[in-house]
Amino acid sequence: REEILDDMEMATGGRVIQNLCTVGGIRKDVPDEMLGQMSDHLKEITPRMEELCRIFSHDTSVRHRMRGIGTLSKEEMWELGAVGPTARGSDLALDARCTGYSAYDELGFKPVVEKEGDCLARCIVRAKELVAAADLVHTAVRKMPDGPVDVGKIKGGPDGETFVYTEQPRGEVLHYVKGNGTKYLVRHRVRTPTFANIPPLVKMLAGAELADVPIIVLTIDPCIGCMER
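Residue numbers -13 to 215, in the numbering used here, belong to the letters of the sequence shown in order.
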């Protein structure tokens, strides 16, 4: 973790809050040598991540405590609108990156899925996605084209509406924005992945043992600010 945070600080100046992305691109370019250095660091870290994934997924205590807890089927996840690792842990390959937005169609992305649909499956999906994310970084660095890093200044205010969905670590996030030609938006609505995963969580908790409740809740990785409405 510290090595990855060091790379983030090197590229953006911030370890926790990078503040690099902006509307229409990023605030400043990242030099090629810096990108190469980050890719090399990930190559060194990846074997350790793979080993940790193997240890976690095969540990007897972990499997005994989490296998068969909070189980939902693929069909139930679909009907309840689950997103992200919560859905992919039940063999539901939902991932906005599969649509190829931004440059994902050039990176050879494939979602990580598990079939069991329980707490352990959701945790294994998240663990394996660490390695998948590293592979995406390597491919992106290798294929990174030259050119501007943002769309430049745009005159005037937006007059119209649009709807965009992207993938976050917890799952699909939706943004709806509407403008009236001024610099102020008439409406901006966000549907967060945690909010989408509340109905599946309610179904998982039905009839569960009290001692299992914290484990079930944590496997959807809830953001309290995203669900407190």
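Yeah, the Cβ is synthetic: ideal placement off N, Cα and C, and Gly gets one too.
Report all residues from its chain with a CB closer than 6 angstroms to the CB of residue i; omit the five preceding and five following residues, and keep chain order.
i	result
Glu147	Lys164
Arg13	Leu6
Pro144	Gly165
Below 8 angstroms on the Cβ atoms is my contact criterion, and I expect residue i with residue j to pass it. Report the Cβ-Cβ distance as a whole number of Å.
i	j	result
Gly56	Thr205	6 angstroms
Arg217	Leu66	Here the chain covers residues -13 to 215 and nothing more, so residue 217 does not appear.
Roughly how many angstroms lie between the CA atoms of residue i and residue j, to the nearest whole one?
i	j	result
Ile(-10)	Phe42	21 angstroms
Ala126	Gly(-1)	21 angstroms
Pro97	Ile110	13 angstroms
Lys60	Gly103	7 angstroms
Gly142	Thr168	7 angstroms
Gln4	Glu(-5)	7 angstroms
His161	Gly133	27 angstroms
Glu92	Arg83	11 angstroms
Ala113	Pro185	24 angstroms
Ala119	Pro155	10 angstroms
Gly22	Ala(-3)	11 angstroms
Ile210	His44	30 angstroms
Lys101	Thr46	19 angstroms
Arg173	Asn166	10 angstroms
Ile31	Arg(-13)	9 angstroms
Leu122	Gly138	27 angstroms
Met20	Ile140	30 angstroms
Gly94	Leu196	42 angstroms
Pro33	Asp26	12 angstroms
Looking only at its chain, what residues have a beta carbon closer than 7 angstroms to the beta carbon of residue i, apart from the 5 residues adjacent to it on each side?
i	result
Pro131	none
Val150	His161
Verify whether the separation of the beta carbon atoms of residue i and residue j is less than 8 angstroms.
i	j	result
Leu106	Met52	yes
Tyr87	Thr8	no
Gly157	Val69	yes
Asp207	Gly10	no
Met35	Leu116	yes
Leu28	His124	yes
Thr85	Asn183	no
Val159	Val176	yes
Using a Cβ-Cβ cut-off of 8 angstroms (strictly less than) and excluding sequence neighbours within five positions of residue i, which residues of its own chain qualify?
i	result
Ile202	Ile55, Gly56, Cys105, Leu187, Met190, Leu191 and Ala194
Ala18	Checking the displayed sequence, the identity of residue 18 turns out to be Asp instead of Ala. Correct list, in chain order: Met130.
Met63	Thr72, Ala73, Ser76, Leu78, Gly103 and Pro186
Ala89	Ala126 and Lys129
Phe181	Cys212, Met213 and Arg215
By the 10 Å Cβ neighbour count, where 16 or more other Cβ atoms means buried, how is residue i classified, buried or exposed?
i	result
Asp(-7)	buried
Arg40	exposed
Arg108	buried
Ser76	buried
Leu171	exposed
Val99	buried
Leu58	buried
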